[in-house]
Amino acid sequence: DIVMTQTPLSSPVTLGQPASISCRSSQSLVHSDGNTYLSWLQQRPGQPPRPLIYKISDRFSGVPDRFSGSGAGTDFTLKISRVEAEDVGVYYCMQATQFPFTFGPGTKVDIK
Amino acid sequence: EVQLVESGGGLVKPGGSLRLSCAASGFTFSYAWMSWVRQAPGKGLEWVARIKSKTDGGTTYYAAPVKGRFTISRDDSKNTLYLQMNSLKTEDTAVYYCTREYNWNFDSWGQGSLVTVSS
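Those protein sequences? They're chains A and B, same order as listed.
Position 72, counted from 1, in the first sequence is what this note's numbering calls 72; the numbers after and before it change by one each time, with no gaps.
Position 5, counted from 1, in the second sequence is what this note's numbering calls 1005; the numbers after and before it change by one each time, with no gaps.
Structure, rendered in structure tokens:
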């Protein structure tokens, strides 16, 4: 199985300031069809996970444009341009290039 | 609007059994590939089981920790997904989420059903 790692595991941020989360996979996530199936999910306290981004950088419908994804191969980044109070929660990267899909350990974002 | 509603969770003793259900609406369930993903208390997400649509063969897949003990199934006439869990262990304690797999993503999630395995 592909192992996903994330750094940092905890990220205290100031409201209005940017935040960045890194995700690394144990092998390349480039699929044989040429796509890279790396997603990001947000889990607010007490809520189920919510998909944010797919294929590295495409936002799901309704996701604010302050969330952006980038990267290639084995290294990926989620950025929040200006953190708002509703962004508090745990963020997971997930690979869907190879089954079984696997998740990173999660990065907790909270307010300083 | 896609809706997934889990039910059937609860407290069970080690070695016991439980069946989770997931009622789906807002999309053509029979065409969907579905999965169960679990989250132990205070921990991360772990994929548990997957079932393809019947038109794609209805193939099932299981994570190593549950293989041989859990069975995923579907009833397309009832738009319902199931997870039969036997020989439960304390380490199976978790919130179990029903998810739809679409375009290489788990794009929809239920609210989850808590399963507690304890004596």
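In this text, a Cβ means the ideal position worked out from N, Cα and C, and glycines have one as well.
None of the values given here were measured: they were computed from a predicted structure.
- Taking C-beta separations shorter than 7 Å and ignoring five residues to either side along the sequence, the partners of F1029 of chain B in its chain run D1076, N1079, following chain order.
- Separation of V1037 of chain B and T5 of chain A (C-alpha to C-alpha, rounded to the nearest whole angstrom) is 19 Å.
- At a beta-carbon threshold of 9 Å, the residues of chain B lying near Y54 of chain A are N1103, W1104, N1105, D1107, ordered along the chain.
- With respect to the 7 Å criterion, R50 of chain A and R66 of chain A are not classified as neighbours on the basis of their beta carbons.
- Around the Cβ of D1092 of chain B, a 10 Å sphere holds 16 or more other Cβ atoms; the residue is buried.
- Residue pairing by DSSP puts R50 of chain A in a beta bridge opposite A:Q42.
- If you draw a 10 Å sphere on the C-beta of G1057 of chain B, you find fewer than 16 other C-beta atoms in it, and that means exposed.
- The three-state secondary structure of K108 of chain A, taken from DSSP, is strand.
- A direct Cα-to-Cα measurement between S1119 of chain B and L1011 of chain B gives close to 9 Å.
- Three or more beta-carbon pairs separated by less than 8 Å are not found between the stretch 1016-1026 of chain B and the stretch 23-43 of chain A, which leaves the two stretches without contact.
- Judged by DSSP secondary structure, D75 of chain A falls within the beta strand (DSSP E) whose first and last residues are 75-80.
- Apart from sequence neighbours up to five positions away, the residues of its chain that approach I111 of chain A with a beta-carbon distance below 8 Å are P12, V13, T14, L15, V83, A85, V88, ordered along the chain.
- Within the stretch 1042-1071 of chain B, the residues whose Cβ lies closer than 8 Å to any Cβ of chain A are, in chain order, G1044, L1045, E1046, W1047, R1050, Y1061, A1063.
- The Cβ of G1026 of chain B sits no closer than 7 Å to any Cβ of chain A.
- Taking 7 Å as the cut-off, the Cβ atoms of P105 of chain A and G1044 of chain B count as close.
- Across the stretch 17-46 of chain A, CB contacts with chain B closer than 9 Å involve H31, N35, Y37, S39, L41, Q43, in sequence order along the chain.
- Among the CB atoms of chain A, none fall inside 7 Å of the CB of Y1096 of chain B.
- At a cut-off of 7 Å between beta-carbon atoms, Y91 of chain A makes no contact with chain B.
- Around G1112 of chain B, the beta-carbon contacts reaching into chain A at under 8 Å are P48.
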